[in-house]
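Below: the structure, in structure tokens.
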Amino acid sequence: MGLETRPLSTLHERASYEVADFEVPTGREEEWRFTPLRRLRGLHNGTAEPDGKVIVEADAAPEVRVESVGRDDARLGKAYVPADRVSAQAWASFTQAMVVTVPKETVASRPTVLRLRGEDASAAAYGHTTVLLEPFAEATVVLSHRGPATYADNVEFVVGDGARLSVISLQDWSDDTVHVSHQHALLGRDARFVSHNVTLGGDLVRISPTVSYDKPGGDAELYGVYFADGGQHLEHRLLVDHAVPHCRSRVDYRGALQDRDAHAVWIGDVIIRAEAEGTDTYELNRNLVLTDGTRVDSVPNLEILTGEVAGAGHASASGRLDDEHLFYLQARGITYDDARRMVVRGFLGQLIERIEVEEVREKVAEAIEAELDRGARER
């Protein structure tokens, strides 16, 4: 399987399963200019030490089938073609994949949880996960990432006609982890897809959620919460490709940063192709800077190739805590630290409350509180 002849867009020019079809990135390329390549431990250039291990454990709903399969399984790679060298390397290097199947018209009685646990960050590991929802099925899938690792993987979500899939991806890695992941959703007719990406742990984490539509009526909502501490690089690169008519997408990612050299990157690309009449799309990124010495790069991109759209827009904003908000709260007897906590909690809480799984929602809220406690102690 080689290079696709059709370019993805002016911002995504190629897609291929072959590593050799992608040059080694130098950092001057648009898709790599914000990523500190020296911290990728060779995932981008083939020099990563092999034989790393990430263990995957599944806790599936009784109606859901989970299988560990070899790379020759015909269900793999149908929805997603790698769009950069790391993704292609992950495709070429994994040996076992997880396939999650929700049968036709099945409504899962509880979330299916895949727990990915790294054991060693000194060697590279590669993975692949495919989630298949047959027509009119409904399910929630949780991807939980923990432990030390140097890890690159691809995740496919194939949402059949009339199906409903909610995905929660929690990146709660150890401090020394490097994780580069592509998460692609392919939506059928009138399918609905909701994703929540929560990125808290790791040294360098780069997540690339992408969505494409196979038939009209697809609806995608992509939400994200991240909290970057000193030295952390947290990067989210989104692409929503509207190539069929009458589909909808919404993107809302919010982050907080504290301590020196905390770096957050958000790239949001939406393409509305000439044939995608009636598209309704909007993307938003907001960042709250809590201390000096942090860096935020937020770049929304919108490519519109037809004039027949229902709606299209984007917005990006990054700034410090609002002094007026803090003053208002302090004037009512609330301490500075508590006022700061309330503002951040409200800023991120709007998205945290959308997470459907109570256990995950509470865990994320507790993690944010712990980050704020640590920031207060270190000031």
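Position 193, counted from 1, in the sequence shown is what our numbering calls 1286; the numbers after and before it change by one each time, with no gaps. Built from N, CA and C at the ideal position, the CB exists for glycine as well.
Item: Pair every Cβ in the stretch 1307-1315 with every Cβ in the stretch 1281-1297, then say whether three or more of these pairs are closer than 8 angstroms.; Value: yes
Item: By Cβ distance below 6 angstroms, which residues in the same chain neighbour Pro1204 in space, the five residues on each side in sequence not counted?; Value: Thr1233, Val1235, Val1450
Item: For Ala1355, which of Thr1372, Thr1384, Leu1465, Arg1447 has the nearest alpha-carbon?; Value: Thr1384
Item: Below 8 angstroms on the Cβ atoms is my contact criterion, and I expect Arg1168 with Val1192 to pass it. Report the Cβ-Cβ distance as a whole number of Å.; Value: 6 angstroms
Item: Three or more C-beta pairs closer than 8 angstroms, one from the stretch 1369-1385 and one from the stretch 1325-1344: is that the case here?; Value: yes
Item: Helix, strand or coil, according to DSSP, for Gly1211 in the structure here?; Value: strand
Item: Let me check one thing: in DSSP terms, what residues is Tyr1219 bridge-paired to?; Value: Ala1245
Item: Measuring straight from C-alpha to C-alpha, what distance separates Val1457 and Ile1445?; Value: 7 angstroms
Item: If you check the beta carbons only, do Val1252 and Thr1222 fall under 8 angstroms apart?; Value: no
Item: Count the CB pairs spanning the stretch 1427-1437 and the stretch 1389-1404 that are closer than 8 angstroms, and state whether there are at least three.; Value: no
Item: Determine, using beta carbons only, whether Thr1270 and Pro1241 come nearer to each other than 8 angstroms.; Value: yes
Item: Which class does Met1094 belong to by DSSP, given the choice of helix, strand or coil?; Value: The predicted position of Met1094 is uncertain, since its pLDDT is 46 and thus under 50; a value taken from the coordinates is nonetheless stated next. Reduced to three states, the DSSP call for Met1094 is coil.
Item: Which residues does DSSP pair with Ile1148 in a beta bridge?; Value: Arg1210
Item: Which two residues bound the contiguous alpha helix (DSSP H) that contains Tyr1429?; Value: 1429-1445
Item: Would you kindly work out how many angstroms separate the C-alpha atoms of Phe1127 and Ile1364, rounded to a whole number?; Value: 21 angstroms
Item: Looking only at its chain, what residues have a beta carbon closer than 8 angstroms to the beta carbon of Gly1135, apart from the 5 residues adjacent to it on each side?; Value: Ala1141, Glu1142, Ala1217
Item: What are the boundary residues of the beta strand (DSSP E) that includes Trp1184?; Value: It is not in any beta strand (DSSP E) - Trp1184 instead sits in the alpha helix (DSSP H) that spans 1178-1186.
Item: Ala1214 and Thr1243: beta carbons closer than 8 angstroms?; Value: yes
Item: Would you list the one or two residues that DSSP bridges to Val1112?; Value: In the DSSP output, where bridge partners are listed per residue, Val1112 has none listed.
Item: Cα separation between Lys1197 and Leu1226?; Value: 7 angstroms
Item: May I have the straight-line CA-CA distance separating Tyr1319 from Gly1426, to the nearest angstrom?; Value: 30 angstroms
Item: Assuming the contact rule is C-beta atoms closer than 8 angstroms, Leu1297 and Leu1398 should be a hit. Round their C-beta distance to whole Å, please.; Value: Not quite, the Cβ-Cβ distance comes to about 34 angstroms (not below 8 angstroms), so this is no contact.
Item: To the nearest angstrom, report how far apart Ala1183 and Arg1467 are at their CA atoms.; Value: 35 angstroms
Item: For Gly1361, count the other beta carbons within 10 Å of its own beta carbon; 16 or more makes it buried, fewer makes it exposed. Which is it?; Value: buried
Item: Taking C-beta to C-beta, are His1329 and Gly1295 nearer than 8 angstroms?; Value: no
Item: Taking all protein chains shown into account, do 16 or more other C-beta atoms lie within 10 angstroms of the C-beta of Ala1410, making it buried, or fewer, making it exposed?; Value: exposed
Item: Quick check: what's the CA-CA separation for Glu1231 versus Thr1194?; Value: 11 angstroms
Item: Return the chain-ordered list of same chain residues with a C-beta closer than 8 angstroms to the C-beta of Tyr1110, the five sequence neighbours on each side being excluded.; Value: Met1094, Gly1095, Gly1170, Val1174, Pro1175, Ala1181, Trp1184, Ala1185
Item: Give the secondary structure of Asp1312 by DSSP, where H, G and I count as helix, E and B as strand, and everything else as coil.; Value: strand
Item: Based on DSSP bridge pairs, tell me the residues matched to Trp1359.; Value: His1329, Ser1391
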